[in-house]
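There are 2 protein chains.
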Amino acid sequence: MYREQRKEETETAGHGFMPGLAVDAVIFGFHDQQLKVLLMQYKKTGIFALPGGFIREKENLNDAAERVVSERTALKDIYLEQFYAFGDYDRYDPKPLKTIMTANGVIPEDDHWLLQRFISVSYYALVDFTKVVPMPDRIFDGCAWYDLANIPELMQDHSLIIRKALTALRADLDNKLVAFNLMPEEFTMSELQTLYETILGKNLLRPAFQRKLLSLGILERVAKKWTGGAHKAPYLYRFISENN
Amino acid sequence: MYREQRKEETETAGHGFMPGLAVDAVIFGFHDQQLKVLLMQYKKTGIFALPGGFIREKENLNDAAERVVSERTALKDIYLEQFYAFGDYDRYDPKPLKTIMTANGVIPEDDHWLLQRFISVSYYALVDFTKVVPMPDRIFDGCAWYDLANIPELMQDHSLIIRKALTALRADLDNKLVAFNLMPEEFTMSELQTLYETILGKNLLRPAFQRKLLSLGILERVAKKWTGGAHKAPYLYRFISENN
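So the sequence lines, in the order shown, correspond to chains A and B.
First residue of the first sequence? That's 1 in our numbering, and the numbers climb one at a time after it.
First residue of the second sequence? That's 245 in our numbering, and the numbers climb one at a time after it.
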């Protein structure tokens, strides 16, 4: 009881977290041929933001990011890629947080730890859309998927963070073969191509795409086929993970 | 009064820098067919480290990295790429800094700001070896180039930072065409190939390499040739920068 109260107090003061440092996550999902991003909406103010949080004093930076993403998606073992630390001085804007705190009945002092300058180490996460249950909490009254093409106005520089995350994801498509994290376990070549095309924002030639992906030796053809009855049913594939 | 006192406290605690946050730079140069890294050596202790520093309270994160690199190389407009924020808790090791401070006559309190946990936002820099004058200062008595294949034992996790910088540089070779930053203004195709081979740690086929680089439309053949008198003197090339 005492311990819980004490923990709450230190967290309110900002002690227990590393000062001036945040993690923010651009959580991508893929559904209905669209790339989606998970966004939070703060209670009472309607302000939109990326899911984010702070780093506990003895917590690994990457673990903090994982924690933030798990809290929002209720998923474990998520593919997370750290892509950039946003640290321009002019991203420092205490106004929205002050508005949010005030709307929720907390009038902060100007030197409140949440109103100081923060540098955000940002991650993108790739999740299987079908497995995610977006989780709001007592601070947020909204947590939902938004089409990448139709993102509402976001707090601070969070729109920039999303744009830069997409650039990083595109660059990693070939290098790090990250796309399968956005797919269900089994998929057709055509579904995979649609995902690549959506991420890259351009059409790809089907034979070249198929040849390239198959040449990488990371796809395994699954024995069964679709049972729709079409005379030329497509094969299903799955990724061969390193653990197999 | 309260505010002034507080400011004073902050400055003595961290001298106007953001707490818990550092920048470190892996400065690559290329000479004698070898990739080199610029390392510092602390006075009196002989401890080796990457060039690094802290972020002023109103300074952009990337500007802090530029400042650190300029201070060591006496170069301006250096190609810098932010590649990773190192933030594992177990990289926190105050011992070497305590040793260094003690050896230099400062006995720090255990809660001295320099002995707290730091997260390092790391950059790699690519510089023209021939233009760099390594600059030690009053804290360091050494600043010199070391062959990447022959790096001395480094402080904390700085060896890991170098390994990860090399991985990032390799990945960026094609995506971001960064290599020309390591070359003098004019170079032969063979010199450029040697640089790529050194970075990648493998031999490349000459016709394929030449075809690929020329197909990118970023190289311009310079009119003059070598005057060594060889009957088949190689052409000189230069990169077409975006400013041309």
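Ideal placement from N, C-alpha and C gives every residue a C-beta, glycine not left out.
- Taking 8 Å as the CB threshold, LYS446(B) stays off the interface with chain A.
- A distance below 6 Å between beta-carbons, with the five flanking residues on each side excluded, links TYR146(A) to the following residues of its chain, in chain order: VAL37 and LEU39.
- Along the stretch 303-332 of chain B, the positions whose C-beta sits under 9 Å from a C-beta of chain A are GLU303, ASN304, LEU305, ASN306, ASP307, ALA308, GLN326, TYR328, ALA329, PHE330, GLY331 and ASP332, read in chain order.
- Setting aside the 5 residues that flank it on each side, PRO338(B) is surrounded in the same chain by LEU359, each with a C-beta closer than 7 Å to its C-beta; the list follows chain order.
- Legend: CB atoms of the stretch 156-190 of chain A lying less than 7 Å from CB atoms of chain B belong to residues ALA171 and ASN175.
- Look at the beta carbons and you see the stretch 210-224 of chain A not touching the stretch 260-267 of chain B: under three pairs across the two are nearer than 8 Å.
- Judged by beta-carbon spacing, PHE330(B) lies beyond the 8 Å limit of ILE291(B), meaning their Cβ atoms are not closer than that value.
- Within the stretch 118-179 of chain A, the complete alpha helix (DSSP H) segments at least 4 residues long are 158-175, listed from N- to C-terminus.
- Rounded to the nearest whole angstrom, the CA to CA distance from THR194(A) to TYR333(B) is 40 Å.
- Taking 7 Å as the cut-off between beta carbons, the residues of the stretch 365-379 of chain B near chain A are VAL365, in sequence order.
- In the DSSP assignment, VAL270(B) falls within the unbroken beta strand (DSSP E) covering 261-275.
- Under the three-pair Cβ rule at 8 Å, the stretch 172-183 of chain A does not count as touching the stretch 62-76 of chain A.
- For GLY53(A), the closest Cβ of chain B is not nearer than 8 Å.
- Excluding five sequence positions before and after ALA347(B), the CB atoms of its chain that fall closer than 7 Å to its own CB belong to LYS288 and THR289, given in chain order.
- Contact between VAL422(B) and GLY273(B) is ruled out by a C-beta separation of about 13 Å, above the 8 Å threshold.
- In this structure, HIS158(A) and ALA49(A) form a Cβ contact; the two beta carbons are roughly 6 Å apart against a cut-off of 8 Å.
- Contact note: LEU265(B) reaches chain A through GLY20, LEU21 and ILE119, using a C-beta cutoff of 7 Å and chain order.
- ALA64(A) sits in a helix when the DSSP states are folded into three classes.
- Following the DSSP letters along the chain, one finds ALA329(B) in no alpha helix (DSSP H) but inside the beta strand (DSSP E) bounded by residues 323-330.
- In this model, LEU324(B) and TYR235(A) are separated by some 46 Å (Cα to Cα).
- Annotation: GLN116(A) is outside any beta strand (DSSP E) and is labelled neither H nor E by DSSP.
- In this structure, DSSP gives TYR89(A) a helical state, which the three-state scheme calls helix.
- For ALA125(A) and VAL350(B), the gap between their C-alpha atoms comes out near 45 Å.
- Between ILE151(A) and ILE162(A), the CB-CB gap stays under 8 Å.
- The residues VAL422, in chain order, have a CB closer than 6 Å to that of ASP416(B) in the same chain once the five nearest residues on each side in sequence are set aside.
- Assigned with DSSP and collapsed to three states, MET183(A) falls in coil, not helix or strand.
- Non-local C-beta neighbours of GLY386(B) in its own chain, meaning closer than 7 Å and more than five positions away in sequence, comprise MET284, GLN285 and PRO380, ordered along the chain.
- Assignment of LEU463(B) by DSSP, reduced to helix, strand and coil, places it in the strand class.
- Per DSSP, the continuous beta strand (DSSP E) segment holding LEU38(A) begins and ends at 34-42.
- Approximately 22 Å separates the beta-carbon atoms of GLU464(B) and ILE443(B); this is outside 8 Å, ruling out the contact.
- Closest in alpha carbon position to VAL121(A), among PRO51(A), LYS131(A), ASP111(A) and ALA144(A), is PRO51(A).
- For the pair ASN62(A) and ARG414(B), the Cα-to-Cα distance works out to about 23 Å.
- Under the three-state reduction of DSSP, ILE240(A) is assigned to coil, being neither helix nor strand.
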